[in-house]
Amino acid sequence: MRAFAQLFLSLDESNKTNEKVRVLKEYFETVPDPDKMHMLALFTGRKPKRPINSTLIRNWAIEASKIPAWLFGESYLVVGDLAETMSLLMPGNNSTNNKTLAEWIAEINAIGARTEEERKLWLMESWAMLDTQERFVFNKILTGGFRVGVSQNLVIKALSEVTGLDAATLTHRVMGNWQPETYHYKQLVEEQQASDDVSRPYPFFLAYPVQETSEKQRSAEELQATLGDASAWQAEWKWDGIRAQLIKREGQIFIWSRGEDLATDKFPELHPFLHALPDGTVLDGEILSFSAGKPMPFNVLQTRIGRKNLTKKILEESPVAVIAYDCLEYQAEDIRDKTQQERRQILEQLQAATPFAGFFRLSPLIEFNSWEELAAIREQSRAMIAEGIMLKRKSAHYQVGRKRGDWWKWKIDPLSVDAVMVYAQKGHGRRADLYTDYTFAVWDGDKLVPFAKAYSGLTDQEISKVDYFVKRNTLEKFGPVRTVKPELVFEIGFEGINRSNRHKSGVALRFPRILRWRHDKPKEEADTIETLKALLGD
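Take any residue in the sequence shown, count from 1 to its spot, add 126: that is its number in the numbering used here.
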């Protein structure tokens, strides 16, 4: 654990890519193989199950800290992170810990089966043998809040330099339904690895964004300069659903989301079409709610995301289908090195042979002869329930991650309104002492009605100025939330808007964020609830 805690600290303290790669390589080169795999598991989102609920952990931390509960609570509000608060408030001590990361996680996995008193004793003894930094990392793992300021790409880069294997191969090997207790380091780095995980997806190919401009003609000219002749490209709508890989291997079916969540059970309607695919087939596409042959807004699909039980009512109200736009494996052969056009032909053959065409749909190709023509077509995106257009080079191979050059996403400009900030809350991590999370409102007559929360879009300098304003213009306090003087106006952008009975405003926004601070506008000139509802388009 000591080496892992030091790795976490070193990564947190550095903002230089080369330094992060160096400390990652040093970790891989010095720790036992089981620790390498547990580190990879944590850094790729495979966290142990939480064996003790947060209320018990918090109560025992207050007892171990020997301070009043109110003081612990106030400290938590300032720090903004439970794991860090607990590690800072407990008495300092030198580490007597000699256990490896793998040994600690084995204990965490096993302690859930013990009695409450046994769990408390184990936790108190564990805290006592760890120093402050080790306790912090231990607490993050224990509470399920483990996050680290390094991308998976950097971890793979370091591992690639240590093992000599290329990054694309390693990226593929760390995907799928593996656990560090059963998937060993030697298996991971074998030169010729025989995969025994028939569920394993491929790394997703991600599109690079086209820089937006306000003029269609200028956008078309930029595409010509950046991408060349339009005839070398195919265009599709950019669908707003759940990106997924759908797998049929050895008679078994699997559905993986882009976030590497195994979601097979979440979409039972798709099982018949998947079972009907030839063995050794992997499709890439988008899962959307469909009705009367047309895609429905994302908020309809959202009603079934995260539900443990899919009732008949939910399935009826949010039926799903797949819009497929690529084929990655065919007849048990990895075909990612074939061209975009070749893979499209195979995809079309598969779709033409399916008896489940209502569930297995193709992403239609958009016909266009010039970038100017495509720019005009792009304006129809919202009517198509799409986010914009995808551009794919016809000769492109299917690559790993976000690569500039062959796949581009040309999104439509966001919808936007001008709104007044009415509530503020402190952030987390390095911004735990700054008010960075804001609630915005629009006018309904002479009253301000909250309609959205946003916490991204401002520079550090602007955040400091808003924080200064909040601390000097707080009207009321509700726990961590501050009601502020309604004075600051911001332009709020969002990808979509839908009616909602759950929100007082009657609307729910898709991906709200701050576009700019409107210093030029007084609060009285902010938009109204009627302006918002006019964007519903129904």
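The beta carbon of each residue, even a glycine, is placed where N, CA and C say it ideally should be. Here the structure is a predicted model, which means the values were calculated and not measured.
Closest Cα partner of residue i within the set the options
| i | options | result |
| --- | --- | --- |
| P445 | F486, L372, L476 | F486 |
| G377 | F399, S383, L182, R639 | F399 |
| T115 | A545, F169, Y594, T407 | It is not possible to answer for residue 115, since the shown part of the chain is limited to 127 through 664. |
| F331 | E307, L349, H298 | H298 |
| K552 | S286, R644, E200, D292 | E200 |
| D559 | W536, V592, K374, T565 | V592 |
| G605 | F154, L135, L203, Y153 | L203 |
| T565 | S417, E145, K151, A578 | A578 |
| R205 | Y561, A293, I589 | Per the sequence presented here, residue 205 reads as Val, with Arg not at that position. It is Y561. |
| N425 | N624, R384, A195, S136 | N624 |
| F262 | A567, F494, L215, R639 | L215 |
| K464 | E499, Y524, R375 | Y524 |
| V336 | W497, P329, S357, E412 | W497 |
| T654 | D572, F620, G619 | D572 |
| V315 | E307, P329, L291, Q305 | L291 |
| T156 | T143, L133, E139 | L133 |
| L182 | P306, E505, A550, L249 | L249 |
| S417 | L436, I618, A447, G411 | A447 |
| D391 | W536, Q471, R433 | R433 |
| K630 | R639, K611, W569 | W569 |
| T211 | L227, N223, R184 | R184 |
For residue i, the first and last residue of its enclosing alpha helix (DSSP H)
| i | result |
| --- | --- |
| S542 | It is not in any alpha helix (DSSP H) - S542 instead sits in the beta strand (DSSP E) that spans 541-552. |
| I237 | 227-237 |
| F604 | Counting along the chain, F604 falls outside any alpha helix (DSSP H), though it belongs to the beta strand (DSSP E) covering 600-604. |
| V315 | 311-315 |
C-alpha gap between residue i and residue j, whole angstroms
| i | j | result |
| --- | --- | --- |
| I282 | G527 | 12 Å |
| G514 | G367 | 13 Å |
| P481 | V633 | 39 Å |
| L641 | L584 | 8 Å |
| P174 | K266 | 11 Å |
| L614 | L574 | 13 Å |
| Y476 | V324 | Note that residue 476 is Leu in the sequence shown here, rather than Tyr. Those two C-alpha atoms are separated by around 20 Å. |
| V607 | T600 | 10 Å |
| E341 | L541 | No answer about E341 holds up, because its pLDDT of 46 lies below 50 and its placement is not dependable. |
| T339 | A167 | Residue confidence is low: T339 scores 47 on pLDDT, short of 50, so the model does not pin down where it sits. Its coordinate-derived value is still stated next. Roughly 41 Å between the two C-alpha positions. |
| P423 | A351 | 34 Å |
| C453 | E474 | 9 Å |
| A567 | V543 | 10 Å |
| E651 | S521 | 51 Å |
| K146 | L256 | 25 Å |
| A389 | Q428 | 14 Å |
| E287 | D532 | 26 Å |
| E459 | R369 | 22 Å |
| K649 | E348 | 37 Å |
| S140 | D207 | 20 Å |
Residue range of the unbroken beta strand (DSSP E) whose run includes residue i
| i | result |
| --- | --- |
| T565 | 561-570 |
| E513 | 512-519 |
| W536 | 533-537 |
| F134 | Taken as a continuous stretch (DSSP letters only), F134 belongs to no beta strand (DSSP E), being part of the alpha helix (DSSP H) at 128-139. |
| P158 | Note, P158: premise wrong, no beta strand (DSSP E); not H, not E. |
| A458 | Taken as a continuous stretch (DSSP letters only), A458 belongs to no beta strand (DSSP E), as it is neither H nor E. |
| A509 | Unbroken run through A509: none, as it is neither H nor E. |
| L641 | 639-643 |
| N624 | 622-625 |
| T181 | Counting along the chain, T181 falls outside any beta strand (DSSP E), though it belongs to the alpha helix (DSSP H) covering 180-191. |
Proximity below 9 Å, CB of residue i to CB of residue j
| i | j | result |
| --- | --- | --- |
| P327 | F380 | yes |
| F130 | D159 | no |
| I511 | L414 | yes |
| G302 | T258 | no |
| F616 | R598 | no |
| W363 | I373 | no |
| R670 | P194 | Only positions 127 to 664 of the chain appear in the structure, and residue 670 is not among them; the question remains open. |
| V276 | T170 | no |
| Q371 | K518 | no |
| Y456 | T407 | yes |
| P638 | M547 | no |
What ranges does the beta strand (DSSP E) occupy inside the segment 362-438, keeping only unbroken runs of at least 3 residues that lie completely in it? 368-375, 378-383, 407-417
Inside the segment 475-506 only - alpha helix (DSSP H) runs reaching at least 4 residues: 497-504
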